[in-house]
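Protein sequences appear in the order of chains A and B. Residue 306 is where the first sequence starts when you use our numbering, and the numbers rise one by one after that. Residue -11 is where the second sequence starts when you use our numbering, and the numbers rise one by one after that. What follows is a short report on a single structure.
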Amino acid sequence: MADPLSTTRAPSRPEGRRVSDFSIVVGTANGTGSQTANLTLLRSIFQMGVPVHGKNVFPSNIQGLPTWFHIRTSAEGWVARQAPEIAVAYNAATLHEDVAALPPGGVLVLNGDLRGAPERDDVVTYRVPVKELMEDATAKGKLKEYLANMTYLGVVAQLLGVPLDVVHAALESQFGGRRKLVDANYPIVEKAWRWSEATLEKRDPFTIEPMDATDELILITGNDAAGLGSVFGGASFVAWYPITPSTSLVDALKSHLVDLRTDEDGTPGWTVIQAEDELAAIGMVLGAGWAGARSVTATSGPGISLMAEFTGLGYFAEIPAVVWDVQRVGPSTGLPTRTGQGDVAFAYTLGHGDGKHPVFLPGSVEECFEFGWRAFDVAEQAQTPVFVLTDLDLGMNTWMARRFAYPDEPMKRGKVLRGDDIPDDFGRYRDVDGDGIAPRTLPGDPNPRSAWFARGTGHDDAAVYSERAEDWQANTERLARKFDTIRGLMPAPIVDTDPNARVGVICMGSTQFAIEEARSHLTRAGHHVSLLRLRGLPIGDAVRAFVEEHDRTVVVEMNRDGQLCGILRSELPDLAPSIHSVAYLDGLPYTARQIEAWLAPHIAATGEHVVEEVS
Amino acid sequence: MTVPAARQPNVVGLTKADYGGKPSTLCKGCGHNAVANQIVQVAYDLGLRPHEVVKLSGIGCSSKSPAYFLGMSHGFNALHGRMPSIATGALSANHALRGVGVSGDGDTGSIGLGQFKHLLRRNVRMVYLVENNGVYGLTKGQFSPTAEDGLRLKYAGTNPFPPVEICAEALVSGCGFVARGFAGDAKQLRELLKAALSHRGTAVIDIISPCVAFNNEDDSRKSYAYGRSNEVPLEDIGWVPPQDDIVVDDHEPGETRVIELHDGSRMALTKVEAGYDPSDRGVALTRLQQAEDRGEVLTGLLYFDDQRPSLAEAVGLGETPLVELSEERLRPPREALERVLDRY
């Protein structure tokens, strides 16, 4: 099955009609409150049982710059970005480009008060008299501006055939039942919807028809899922520094901690500290991990840069910590509100000198939840900083998801010795089990044998300062052994091998959606492509097997330099010649069409017929 | 038969030797060794339980010294200038622990100035010692940020910049316990350490600790000779455990003032300087400036205020440290997850 969420019945497809299978883009100015209208439209479609997904393409700005919200609805359940056929143009600054981008046969819902809109006789244009519809609104100033966005919500919903009561319910859900807000917004929506019904003649083919494909699903962002998963993983200490696009992860984490781990008398079973910078954030997290708490920070690329020195200390002193990197586009400040996968190589080997770190690669909001708790198990089992690399697209956008599965195993707290269990010959870094992981003790233990001195300086297996060559070599060799043990702790890749495929694709994270959709198109066209979605580093044996099974392995990733491809080539040097890179980054999530075009030459190179027409 | 002092058990049954650490690898005569010795003495005198203490440090000569005391306590030798963040995390995760941090003038005043000030803002309950010698020792003699304007050193020449005044930085960052000691004045240092260990939040003691290798010329303000001849104590200090009565020594001149500390112990401050009031931050800043102008080394308790809650108090932590929460408490039940998901 192409899409794991798809439990759909096929929609009716009368001749010429486009039912529940198209994309909308809403162009507004940042800071005008359009997000409420956009998410309510999204939620309305979801509540009609129709698969839907929204992507916010927004500027690094508080107010005024253009922002676009993409809504894709797909009866088959596809969620990748797709060229929109319906444009809502409410931003004077982008009016021309928004209109120009529409394909022939597209639909333009235009704020009729905007002057100078270009004429397109190959698109259906609906003009919304925003001022007129707002006449009765008593709100003033900024609030009135916010409410104006409710006009396109009403009009678009009506044009698509979304009933008014569905929009009302979605609005209530969006406002979390806050009556005052619903009461302020809904009358505008209703007026616009009824105006549209009474005035506009439907001249386009796009409609939504009810389905039952979303009954068991929820709508959630990846950051929210990650925060929730962290709480179920036992996170009790959080330190962070605000940075887009990770801020909402910590906001969610904190609100779930308030909700789920606060005593009846108000005593928190947690501490969240907004640090002075990311250096301090990771330092605090390591301090708490050393003391025995499950501790976590969340950041993005620039923060990862600042965490490099401490990560090396955490690796070498062997302190558990969980670091979420919600990737944006770098280098430097880069494109702070766009998505990418450019931190993989850096995070994997963060720090000077030798050192590698376990990296989780969630590819869905369900996995953001699952890895949210599982990352703590690996951090404590392996006694080392663990990274979870997600991205802005997954983290900040709203996705359909199955209800999250409760952790199906008890917490794995790793090798911790306490009290009388601490042997006379306890040595903090003594590899008694041969797996590279030595038992640790925690501060506060009354057994005097418990004490050891955590340090980033060279040390022997009793944690005592040492510059002896053999101590250094033995210790770092043990750390390498430990990393091999970690291979077995990471989540296995999701592998879908097509026995007829000569080309295998390896991907990670949120690009899977466009790749899966492209595969379905390719399959329909008679081309066979296998897929392995990596979910963690270091890799295990499954990756080698996959590469061996295919003539050509193509690593698709959202960066310029093919970072994951480089890692795989160096981990599988004998197979490197058959591992190829498709690396592309422009800040926007991939479309299936892009993937098809990129894979075509690789399919051709294996002797298969080239895909000439991508669908 | 009398038991030698080092083997005489204290109230918790430990000898002074039990509070020792590894042999020092610092230079003979280094002020830092004297500080480590006084920490051992004070821990023994107070009957500290080693497992209730964590030792923390940054990087530098000073930061090596936690290895030389409290060998039965856990310790963390952090990054250069980043001990405060490790301490903040550790003492949030387990706020039943007492922190004893040792830093240096470079570690605190240069690379770590930001973390130092934010530690004080948050008022993490710990003793923060700055072993201040005005020079970088491990890298062989560069000026530290606390080197005085005009100081001449063999390696570095003449310092053209004004010093970072650690105590003034602590004062303006909201620290409620700001003191200065001198490694050569053991008695005063012991009393300051005892009082600092009883403080509610972060207690800073800036200890002038001469570097015998790179900064011990007689005219350097961080030298033994300068400290001995120019030290100006603000008061004589006597720390008194909670259970004991205060007996004011008749021989001490001036007015005696008793300050109650957070754990019920008390500190008796006998003024040697007329009119000094350690509860006035403005006065403390003024006196620091005057001392600077006169070339004096002002020692003693400069400022005390225990009204501000510690970090653990400010965030409302209860009696149970976060590290002792059970798995049942850490992982909410299945029903809780379902309840949350119902909202989406």
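No residue lacks a Cβ here, since even glycine has one placed at the ideal position from N, Cα and C. If you're wondering where the values come from, they're calculated on a predicted model, not measured in any experiment.
Against residue i, what residues of chain B qualify as contacts under a CB-to-CB distance less than 8 Å, listed in chain order?
{"i": "Leu565(A)", "result": "Pro320, Ala324 and Val328"}
{"i": "Leu618(A)", "result": "Ala66 and Leu67"}
{"i": "Phe709(A)", "result": "Leu325 and Leu329"}
{"i": "Val536(A)", "result": "Pro320"}
{"i": "Met716(A)", "result": "Glu315, Leu318 and Arg319"}
Which residues share a DSSP beta bridge with residue i?
{"i": "Asn343(A)", "result": "Answer is none; Asn343(A) lacks a bridge partner."}
{"i": "Ala603(A)", "result": "Trp629(A)"}
{"i": "Pro221(B)", "result": "Thr287(B)"}
{"i": "Ala167(B)", "result": "Ile193(B) and Leu289(B)"}
{"i": "Glu862(A)", "result": "Ala888(A)"}
{"i": "Val311(B)", "result": "Val311(B) pairs with nothing; no bridge assigned."}
{"i": "Met255(B)", "result": "Trp227(B) and Ile247(B)"}
{"i": "Arg322(A)", "result": "For Arg322(A), which the question treats as bridged, DSSP gives no partner whatsoever."}
{"i": "Asp801(A)", "result": "Leu836(A)"}
What is the DSSP secondary structure of residue i, reduced to helix, strand or coil?
{"i": "Glu373(A)", "result": "The sequence given here has Trp at residue 373(A), not Glu. Reduced to three states, the DSSP call for Trp373(A) is strand."}
{"i": "Leu2(B)", "result": "coil"}
{"i": "His239(B)", "result": "Only weak support exists for where His239(B) lies, its pLDDT of 48 falling under 50; the value from the coordinates is given anyway. It is coil, neither helix nor strand."}
{"i": "Gly304(B)", "result": "coil"}
{"i": "Val887(A)", "result": "strand"}
{"i": "Cys15(B)", "result": "coil"}
{"i": "His657(A)", "result": "coil"}
{"i": "Tyr32(B)", "result": "helix"}
{"i": "Gln(-4)(B)", "result": "coil"}
{"i": "Pro573(A)", "result": "strand"}
{"i": "Ile99(B)", "result": "coil"}
{"i": "Lys210(B)", "result": "coil"}
{"i": "Glu248(B)", "result": "strand"}
{"i": "Met455(A)", "result": "helix"}
{"i": "Gly700(A)", "result": "helix"}
{"i": "Lys360(A)", "result": "strand"}
{"i": "Ala909(A)", "result": "helix"}
How should residue i be labelled, buried or exposed, when 16 other C-beta atoms within 10 angstroms of its C-beta is the threshold for buried?
{"i": "Val160(B)", "result": "exposed"}
{"i": "Glu248(B)", "result": "exposed"}
{"i": "Ile154(B)", "result": "buried"}
{"i": "Ile391(A)", "result": "buried"}
{"i": "Asp268(B)", "result": "exposed"}
{"i": "His239(B)", "result": "Below a pLDDT of 50, predicted positions are generally treated as unreliable, and His239(B), at 48, falls in that range; the measurement from the model is reported next regardless. Exposed, because fewer than 16 other Cβ atoms sit within 10 Å of the Cβ of His239(B)."}
{"i": "Glu326(B)", "result": "exposed"}
{"i": "Lys445(A)", "result": "exposed"}
{"i": "Phe511(A)", "result": "buried"}
{"i": "Gln778(A)", "result": "exposed"}
{"i": "Asp630(A)", "result": "buried"}
{"i": "Ile820(A)", "result": "buried"}
Which residues of chain A have a Cβ atom closer than 9 Å to the Cβ of residue i, listed in chain order?
{"i": "Gly306(B)", "result": "Asp568, Asp570, Thr572, Pro573 and Gly574"}
{"i": "Pro297(B)", "result": "The premise fails here: Pro297(B) is roughly 14 Å from chain A at the closest Cβ pair, so nothing lies under 9 Å."}
{"i": "His39(B)", "result": "Pro748, Gly749, Asp750, Pro751, Asn752, Pro753, Ser755 and Ala756"}
Chain A partners of residue i, CB-CB under 8 Å?
{"i": "Met60(B)", "result": "Pro753 and Ala756"}
{"i": "Tyr56(B)", "result": "Those within 8 Å of Tyr56(B) in chain A number zero; the least Cβ separation is about 11 Å."}
{"i": "Leu310(B)", "result": "Ser541, Phe542, Gly574, Trp575, Thr576, Ala593 and Ala598"}
{"i": "Tyr212(B)", "result": "Correct list: empty, because the minimum Cβ distance to chain A is about 28 Å."}
Using the beta-carbon of each residue, which ones in chain A are nearer than 7 Å to residue i?
{"i": "Leu313(B)", "result": "Ser541 and Gly574"}
{"i": "Tyr332(B)", "result": "Ile523, Leu524 and Ile525"}
Using a C-beta to C-beta distance shorter than 7 Å, which residues of chain B count as neighbours of residue i?
{"i": "Phe731(A)", "result": "In chain order: nothing, as chain B lies at least about 13 Å away."}
{"i": "Leu533(A)", "result": "Val328"}
{"i": "Glu614(A)", "result": "Leu67"}
In chain B, which residues lie with their C-beta within 9 Å of the C-beta of residue i?
{"i": "Gly761(A)", "result": "Ile47, Asn65, Ala66 and Leu67"}
{"i": "Tyr770(A)", "result": "Lys10, Thr13, Lys52, Ala55 and Asn65"}
Task: Near-chain A residues of the region 97 to 108 of chain B (beta-carbon distance less than 7 Å), N- to C-terminal order - done: Residues Gly102, Gln103 and His106.
TODO: Name, going along the chain, the residues of the region 73 to 100 of chain B whose beta-carbon falls closer than 8 Å to a beta-carbon of chain A.
DONE: Ser73, Ile74, Ala75, Thr76, Gly77, Ala78, Leu79, Ser80, Ala81, Asn82, Ala84 and Leu85
- [ ] Taking a Cβ distance cut-off of 9 Å, strictly less, list which residues of the region 584 to 602 of chain A are near chain B, in chain order.
- [x] Leu584, Ala585, Ala586, Ile587, Gly588, Met589, Val590, Leu591, Gly592, Ala593, Gly594, Trp595, Ala596, Gly597, Ala598, Arg599 and Ser600
Task: Cβ-based contacts, 7 Å cut-off: residues of the region 393 to 422 of chain A near chain B - done: none
Open item on the list: If the cut-off is 7 Å on Cβ atoms, which residues from the region 503 to 525 of chain A count as contacting chain B, listed in chain order?
Closed with: Ile523, Leu524 and Ile525
Task: Proximal residues, the region 111 to 144 of chain B versus chain A, C-beta separation under 9 Å - done: none
Task: Members of the region 342 to 363 of chain A near chain B, C-beta cut-off 7 Å - done: Cβ contacts with chain B: none found.
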